[in-house]
Structures are given as structure tokens and as C-alpha cells.
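K.L.:
Just passing along the structure, written as C-alpha cells.
There are 2 protein chains.
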Amino acid sequence: MSGSEIRTANCEKILQSATKMFAKVGFAGTRVQSIADDCGLPKANVLYYFKSKKDLYHAVLDQILTLWNSVFDKAEIDDDPAEVLSEYIREKMQLSLERPEASRVFALEIISGAQNIDAYLENELAEWFASRLAVIQSWIDQGKMQPINPKFLLFHIWASTQHYADFSAQIARLNRGELKGEEYEDATEYLVRSILAGCGLKPSE
Amino acid sequence: MSGSEIRTANCEKILQSATKMFAKVGFAGTRVQSIADDCGLPKANVLYYFKSKKDLYHAVLDQILTLWNSVFDKAEIDDDPAEVLSEYIREKMQLSLERPEASRVFALEIISGAQNIDAYLENELAEWFASRLAVIQSWIDQGKMQPINPKFLLFHIWASTQHYADFSAQIARLNRGELKGEEYEDATEYLVRSILAGCGLKPSE
DNA sequence: AAATATATTGACCAGTTGGTCAAGTTTTAA
DNA sequence: TTAAAACTTGACCAACTGGTCAATATATTT
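These protein sequence lines are chains A and B, in that order. If you're matching positions, the first sequence starts at 1 in our numbering and goes up one per residue. If you're matching positions, the second sequence starts at 1001 in our numbering and goes up one per residue.
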């Protein structure tokens, strides 16, 4: 393994283990030693690549925020709301299924006051949010969907989809086993239908 | 202040401060000293009433779980689903508004694997859940509402209402200020309308 | 009033934790 | 080949934390 490859590979391993740990017990509950154990490196080596636990945490958050990108980013006034919203909800559910730890780290950070992603919330996300509100409002103005407050619709989508990642421990117990395969798809399609119905729409496809 | 009153009053103060702290930084992140500071008692006094931090945490969880009781508990086959579900969603939203810390402590506990409320989830809640599924299914069988999977409906309600407590830091920033008063009521009525529409129902009142 | 139970509190301690460091090894560049 | 840069790692430490305890004070009961 070449030099720069070593760095890349080790950083990746560390980030992966760190994400797992932070998602399970939060920042304060995570031990640098347990991250090291999890990825099979000595603790001092972990702190060689990320100079402090806080640094590592920020790196994990950065990596997670790039996952939030979506088809909805490029939605325009002329697009079909049913199509765009359906796909956005499905994407979000897929993310909850494939990267639940990412969703949980994000949730923990927000619950704890979001101090470490303040800049992200106030800049990138706020901008994204405002532009999406405008698109939804234009769909309403064109009579393509019922008049609802677009803000509440976005919160609604985030809440109901992220729940499947963040609360999977509860869901798994009430369901007597993790939701998976077809049943998870059913949950997805239920959400698509329900949320779209709230906008006076029917799912695409 | 009489003897037993001292105990009651101090326990209450401690529980209140503890809830606040656990909600903000989780179990691992909370310092017994900071709970003591918050309620103006010496640390040794806090540990006199609750013999360990874990004990105190369990007391906080116990207190929170009693809040989960609701009108929906007594819903029957003969009731009107629109009425019952509307009121349940409104209750849940009210709780998110009035006791956000309770919701956050619960969320943190679930995200961390729910090991401390395992018994509650598997007994009380599982029983409640099963009986509510039956009631909803009976409404469907009677043609009172559209055929949806009752499980997903309950998850949907929990997710979308608790979100306003758990993610209020994010909401406040995107909204440029906390949702409150009329705007919070608007959010509530949006959710009622939207979720009911997903069941082919219209809000009561 | 005396005896007993309950409550208060500063001082203390053992275990843990994030982070440092210096000595060594491996990889890269000249 | 050799010098420099990058990487590895055990040993170490200062700061912090949950929890104990003994001494004292206050309230309750007899």
C-alpha cells in the first residue's frame, strides 16, 4: 500500500468506526479508545490522523451532511410535484435504510442544540430550504397541489422518514424484528401515498 | 417545611434539573455536578436522594413514560376514527410543545438502543400497540377509513409530532425563531389534516 | 427533653479519559 | 543509497468524574 493510500484508507476506517460509535452513544459517550478498538488501530494512531476527538466528530458530521443531497435539489417550477415529492420521500427512506447511523448522529447533534453544525444550518441548509419553499409555493400558485404551508410539508417529510432510522430500536421491538425487504417498501409506499394525499396528490408510477 | 415535604420537594427539583440535562447532552454527557448546580444543591445531596446517576436517570425515564398516556388509550371499535385520531395528534403536538425535554430524553434513549426501557417497550408499550392496531384494523374492516397498515400510521403520527420537540433547534433556525402561538397551531392542524387525508378522513370539528 | 431518624455538606478517592511524546519503523524522494 | 517525510505505538500524565464518608445540623417521635 502506497503512502497516500495509507492515509486515505486509515482515515476512512476511522471515520466509519467513529460514525458507528457517535451514533450509538453520542459525542460525550464515545471513547476514543473504543473507536480505535473498533477499527483495529492503536488510540495514538487515531489521534495522529485526527488531532482531537472534536476534530474527528466534525469530520464525521461533514461527511454526513454530503449525504443530504437529493433529487429535490434540482426541482423546478415546471416539474410535477407528485413526481418530485414521491421520489424525494423514497430517497429519504432509502437513506434511512442504508445509512441509519448517519441519520442518528445528525439527530443527536440537533437534539443537543446543533452547536457544531450551526454554520451549515444557517447557510447551506437555510438557503436550500428557502429555495425549496419557493418551488413548492409556485406549485401551489399554479394549482398543481392544494394550498398548504410548504414549511410544514418539508418538516413532515423529514420527520416521518428519518424516524425509521432514528427510532429503529423502538420499531424493531414493536414489530418483533427489524422492518426489512418488502415490509420496508410497504412503509415507504404508505408514506408516499399519505403525505401526497395531504397535498391533494397521488403518487407517481 | 415538614420532613416528608423536604424529600418530595427536593426530589422534584432534582428530577426537573436532571431531565433538562439529560435532554441536552444525554446520559453520558450529563455531570451529576451540573444537575446539582442547576437545582442549587450540593452534589452529595443529590446522591443522597438518588443513590447513583443511573438511578436518577431511571427515575427520569419512569416519570416521562407516564406522560405517554392519551385519549387514544380508551378508543374503541365504535368510536369515530377521525375524531380519535385528530385528538391524538393534537395531544401529541401539545406534549411536544409543553414538554420538549421529555420527548428528547426519550429520543436519546431510543437512539442509544433503548436498553434502559427495554421492559417498558416489550411489555406495556407492546401491549398498548397491539390493542391499538386491532382498533384501527376494525375501523378499516368497518369501512370507516381506507385500508392502510395501522402500524405505519402509528409510526407516522409519532414521528411527525415528536419531531417538533426533538428537532426544534433545526426548526427554529430554518424558521428564524421558534414556532409558537398561532403558527404552532397551524402546524398542528396541517398534520391533522394531512395524516387524516392519508386515511381518507377529514378532521373532526 | 431526650433519643432517633432524616437531611446537609466539604473533603476525599480510585478509576477513567483525552491527549502528548519520544523512540522506532516504513515509505518516498533525491 | 541516503536523507527526509510519513506512519506506528507503548508509556505516560494531568484533569475530571461518580461515588463514599464522617461530621454536623435539623426535624420527628416518644
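Using N, Cα and C, we set each Cβ at its ideal position, and we do this for glycine too.
So is Gly1026/B buried or exposed if we call it buried at 16+ other beta carbons inside 10 Å?
P.N.:
Its Cβ being crowded by 16 or more others within 10 Å, Gly1026/B is buried.
K.L.:
If you measure from the beta carbon of Ser160/A to each beta carbon in chain B, is any gap under 8 Å?
P.N.:
Interface residue, yes.
K.L.:
Along chain B, in chain order, which residues have C-beta atoms closer than 9 Å to that of Lys20/A?
P.N.:
Those within 9 Å of Lys20/A in chain B number zero; the least Cβ separation is about 12 Å.
K.L.:
For the region 1189–1200 of chain B, which residues have a CB atom closer than 9 Å to at least one CB atom of chain A, in sequence order?
P.N.:
Under the 9 Å Cβ criterion, the region 1189–1200 of chain B contributes Tyr1190, Leu1191, Arg1193, Ser1194, Ile1195, Leu1196, Ala1197, Gly1198, Cys1199, Gly1200.
K.L.:
Could you check whether the Cβ of Val25/A sits closer than 8 Å to any Cβ belonging to chain B?
P.N.:
Yes, Val25/A lies at the interface with chain B (some Cβ there is under 8 Å from its Cβ).
K.L.:
Listing by chain order, which chain B residues have their CB less than 9 Å from the CB of Asn69/A?
P.N.:
Per Cβ cutoff of 9 Å: no residues; Asn69/A is ~17 Å from chain B at best.
K.L.:
By how many angstroms is the C-alpha of Trp1068/B removed from the C-alpha of Ile1035/B?
P.N.:
Taking the straight line joining both Cα atoms gives about 25 Å.
K.L.:
Expressed to the nearest angstrom, what Euclidean distance is found between the alpha-carbon atoms of Ala1126/B and Leu174/A?
P.N.:
Approximately 6 Å, taken between the alpha carbons.
K.L.:
In the DSSP assignment, the alpha helix (DSSP H) including Asp1038/B goes from what residue to what residue?
P.N.:
Segment 1032–1039, the alpha helix (DSSP H) holding Asp1038/B.
K.L.:
Output the residue ranges of the alpha helix (DSSP H) runs that lie fully inside the region 1095–1178 of chain B and measure 4 residues or longer, sorted by chain position.
P.N.:
Correct list: 1100–1111, 1126–1141, 1150–1166, 1168–1174.
K.L.:
Following a CB-centred definition, is Phe106/A positioned closer than 7 Å to any heavy atom of the ligand GDP?
P.N.:
Questions concerning the ligand GDP fall outside what the structure shown contains, since it holds no ligand whatsoever.
K.L.:
By the 8 Å beta-carbon criterion, what residues does the region 1084–1114 of chain B contribute toward chain A?
P.N.:
So the close ones are Arg1104, Ala1107, Leu1108, Ile1110, Ile1111, Ser1112, Gly1113, Ala1114.
K.L.:
Please confirm whether Asn1149/B has its beta-carbon closer than 8 Å to some beta-carbon of chain A.
P.N.:
So, interface residue.
K.L.:
Would DSSP call Leu1047/B helix, strand or coil?
P.N.:
Reduced to three states, the DSSP call for Leu1047/B is helix.
K.L.:
What first and last residue would you give for the alpha helix (DSSP H) that runs through Ser1204/B?
P.N.:
From DSSP, Ser1204/B is part of no alpha helix (DSSP H); its letter is neither H nor E.
K.L.:
Given that a residue counts as buried once 16 or more other Cβ atoms are within 10 Å of its Cβ, and exposed if not, what is Ser1112/B?
P.N.:
When all chains shown are included, Ser1112/B counts as buried.
K.L.:
For Gln1137/B and Ser160/A, I'd like the C-alpha separation in whole angstroms.
P.N.:
Their backbone Cα atoms lie some 21 Å apart in a straight line.
K.L.:
Beta carbons nearer than 8 Å to chain B: which residues of the region 172–186 of chain A have them?
P.N.:
Flagged, chain order: Arg173, Leu174, Asn175, Asp186.
K.L.:
Can you look up Asp973/B in the DSSP assignment and give me helix, strand or coil?
P.N.:
Nothing can be reported for residue 973/B, as the shown portion of chain B is limited to 1001 through 1205.
K.L.:
Which residues in the same chain as Thr30/A place their Cβ atom closer than 6 Å to its Cβ, once the five residues preceding and following it in sequence are excluded?
P.N.:
Cβ within range, chain order: Met21, Phe22.
K.L.:
Which chain A residues are close to Ala1126/B, counting only those with a beta carbon under 8 Å from its beta carbon?
P.N.:
Within chain A, the residues near Ala1126/B are Arg173, Leu174.
K.L.:
Of all Cβ atoms in chain B, is any one closer than 8 Å to the Cβ of Gln170/A?
P.N.:
So yes, Gln170/A belongs to the interface.
K.L.:
Mind listing which residues of the region 1036–1064 of chain B have their C-beta closer than 9 Å to chain A's C-betas, in chain order?
P.N.:
Residues passing the 9 Å Cβ filter: none.
K.L.:
So which residues on chain A does Asp1073/B lean against when the C-beta distance must stay under 7 Å?
P.N.:
Under the 7 Å cutoff, chain A gives no residues; its nearest Cβ is about 16 Å from Asp1073/B.
K.L.:
With a Cβ-Cβ cutoff of 8 Å, do Phe155/A and His1163/B count as a contact?
P.N.:
The answer is yes: Cβ separation under 8 Å.
K.L.:
Interface residues of chain A around Leu1121/B at Cβ under 9 Å?
P.N.:
Residues of chain A passing the Cβ test: Ala169, Gln170, Arg173, Leu174.
K.L.:
Let me check understanding here. Comparing Cα to Cα, which of Glu1087/B, Gly1177/B, Ile1148/B, Lys1053/B lies closest to Tyr190/A?
P.N.:
Tyr190/A has its Cα closest to that of Ile1148/B, out of Glu1087/B, Gly1177/B, Ile1148/B, Lys1053/B.
K.L.:
How about Leu201/A and Pro81/A: do their beta carbons lie closer than 8 Å?
P.N.:
Yes; because the gap between Cβ atoms is below 8 Å, this pair is in contact.
K.L.:
So which residues of chain A does Ala1134/B contact, with C-beta pairs closer than 8 Å?
P.N.:
Within 8 Å Cβ-Cβ: nothing; Ala1134/B doesn't reach chain A, min ~14 Å.
K.L.:
Report all residues from its chain with a CB closer than 7 Å to the CB of Glu109/A; omit the five preceding and five following residues, and keep chain order.
P.N.:
Excluding residues within five positions, the ones whose Cβ falls inside 7 Å are Leu61, Asn116, Ile117.
K.L.:
How is Pro81/A classed by DSSP in three states: helix, strand or coil?
P.N.:
In this structure, Pro81/A counts as helix in the three-state DSSP scheme.
K.L.:
Suppose you measure from the CA of Lys1013/B to the CA of Arg1193/B; what does that come to, to the nearest Å?
P.N.:
The straight-line gap from Cα to Cα measures roughly 39 Å.
K.L.:
Under 6 Å Cβ to Cβ from Ala1075/B, same chain only, skipping five residues before and after it: list those, please.
P.N.:
If we look at Ala1075/B and ignore the five residues flanking it on each side, its Cβ neighbours are Val1084, Val1135.
K.L.:
Thinking C-beta only, is Leu1153/B closer than 8 Å to Cys1199/B?
P.N.:
Against a cut-off of 8 Å, the Cβ pair of Leu1153/B and Cys1199/B comes out as a contact.
K.L.:
Just the C-alpha distance for Val46/A and Asp37/A, rounded to the nearest angstrom, thanks.
P.N.:
Cα-Cα distance, rounded: 10 Å.
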